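In my numbering, the protein residues as written are 1 to 417.
Glycine is no exception: its CB is placed at the ideal position from the N, C-alpha and C atoms.
Predicted model only: the values in this text are computed from it and were never measured.
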């Protein structure tokens, strides 16, 4: 189907706010789908848009280069006639006039507006959180500051045992730091995985010298000129030269909300990325949408979802069919062990372990009303691809066969069909 080329696009570009994974993918997708109109890509950071996942992994390693891989080389933006303007933010959106007001005082009309502002690290709000040595990890500058601080013997306190906190814990331990992880819940990664997976990674970290304190409610960071200790509600104090707050992220939805777009812990969008205001789309971490798998309202923080949403936005703008929807998937590497997840687990799903965690390689499948809803694979991907297909098909699984690691998941599905 040919790309639609609106007459007013000659004067008004498609304006994309945010040049992370999703924003850049929208721009690239528009060109690959034949869009000939102008594209204006705006980014608050001044450098060429870069990969985010390595910030808490490869970039922190000893001897690793300080540069993070770019999403696209500068030549790409030039060749594809994408007007990328760095170091600029959008101060306001006027949906009625279809204009955006930029931080340099200029105003630009738009044919379509795409909001890809992503998310930011949740701020630590206890006394002492402003002390030097206390930081979050979201940008390359954050990562470089942390990398310089992770020296042998440094006492590192990490608040929060999610993906970011644990990846940093692994990097810090590998560099000879004294690492303590303070987690309010009773296990690591409790929001995203089940107890068998949590306990496996706890043991893995402990074997590499990381200490965990569960049920820890941080009440203050103390120090004179910089952070020296983290205090918890029970009165315990944990010495720290470096404090990382890995307590989640919040969507950068303020710009959209001020413009009258419907938001609810994320900008509300439909399957094609359309917001509640005509002519405005949103994509990536900043969005909240209804899952096509189980109908749940969700906001996903992963590159795969950002790219998939970008494709649907580019397709809708150009009047073309999007690619088939993909099951969301996530990954983390800690102490060299890869956890890869497909689907979105719910806390009340039935949990079936395939294999023996003590052997260091296993999978966990999650059944919801007898159907495969999600899978975790640890140190191996044998179950990953078949599980993705079965999740998409909402396939029933025989739980007894699924528990046998020698039985392929496809056979367990066939037996239950």
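Do residue j and residue i come within 8 Å of each other at the CB atom, strictly closer than that value?
i: residue 165; j: residue 184; result: no
i: residue 363; j: residue 341; result: no
i: residue 349; j: residue 368; result: yes
i: residue 327; j: residue 246; result: no
i: residue 300; j: residue 232; result: no
i: residue 255; j: residue 151; result: no
i: residue 121; j: residue 136; result: yes
i: residue 405; j: residue 354; result: yes
i: residue 219; j: residue 345; result: no
i: residue 297; j: residue 290; result: yes
i: residue 162; j: residue 187; result: no
Measure the C-alpha to C-alpha separation of residue i and residue j and round it to an integer number of angstroms.
i: residue 67; j: residue 24; result: 19 Å
i: residue 386; j: residue 88; result: 44 Å
i: residue 207; j: residue 360; result: 13 Å
i: residue 403; j: residue 117; result: 42 Å
i: residue 84; j: residue 400; result: 54 Å
i: residue 420; j: residue 318; result: What is shown of the chain runs 1 to 417, which leaves residue 420 out entirely.
i: residue 267; j: residue 282; result: 7 Å
i: residue 38; j: residue 109; result: 11 Å
i: residue 209; j: residue 322; result: 47 Å
i: residue 133; j: residue 79; result: 42 Å
i: residue 292; j: residue 309; result: 13 Å
i: residue 14; j: residue 36; result: 11 Å
i: residue 101; j: residue 31; result: 25 Å
i: residue 154; j: residue 240; result: 8 Å
i: residue 9; j: residue 112; result: Below a pLDDT of 50, predicted positions are generally treated as unreliable, and residue 9, at 46, falls in that range; the measurement from the model is reported next regardless. Near 9 Å, if we compare the C-alpha coordinates of residue 112 and residue 9.
i: residue 173; j: residue 49; result: 29 Å
i: residue 279; j: residue 388; result: 33 Å
i: residue 203; j: residue 337; result: 12 Å
i: residue 40; j: residue 306; result: 19 Å
If you count every other CB in all the chains shown that lies within 10 Å of the CB of residue i, and 16 or more means buried, which is it?
i: residue 18; result: buried
i: residue 28; result: buried
i: residue 125; result: exposed
i: residue 393; result: exposed
i: residue 12; result: buried
i: residue 436; result: Any question about residue 436 goes unanswered here, given that the chain covers just 1 to 417.
i: residue 381; result: exposed
i: residue 422; result: Nothing about residue 422 can be reported from this structure: the residues present for the chain run from 1 to 417 only.
i: residue 356; result: exposed
i: residue 264; result: exposed
i: residue 140; result: buried
i: residue 34; result: exposed
i: residue 270; result: exposed
i: residue 371; result: buried
Just checking my contact of residue i with residue j at CB under 8 Å: how many whole Å lie between their CB atoms?
i: residue 422; j: residue 149; result: Examination of residue 422 is not possible in this model, given that the chain is present from 1 through 417 alone.
i: residue 243; j: residue 257; result: In fact, because the Cβ distance is near 31 Å, the residues do not count as touching under 8 Å.
i: residue 62; j: residue 175; result: 6 Å
Going by Cα to Cα distance, which pick from the options is closest to residue i?
i: residue 123; options: 197, 395, 138 and 74; result: 138
i: residue 324; options: 312, 353, 331 and 332; result: 312
i: residue 351; options: 113, 60 and 373; result: 373
i: residue 20; options: 114, 203, 396 and 75; result: 114
i: residue 205; options: 151, 178, 304 and 192; result: 178
i: residue 211; options: 190, 59, 296 and 170; result: 170
i: residue 47; options: 72, 237 and 370; result: 72
i: residue 147; options: 90, 56 and 120; result: 56
i: residue 416; options: 145, 103, 320 and 395; result: 395
i: residue 358; options: 388, 224, 198 and 331; result: 198
i: residue 277; options: 302, 304 and 93; result: 93
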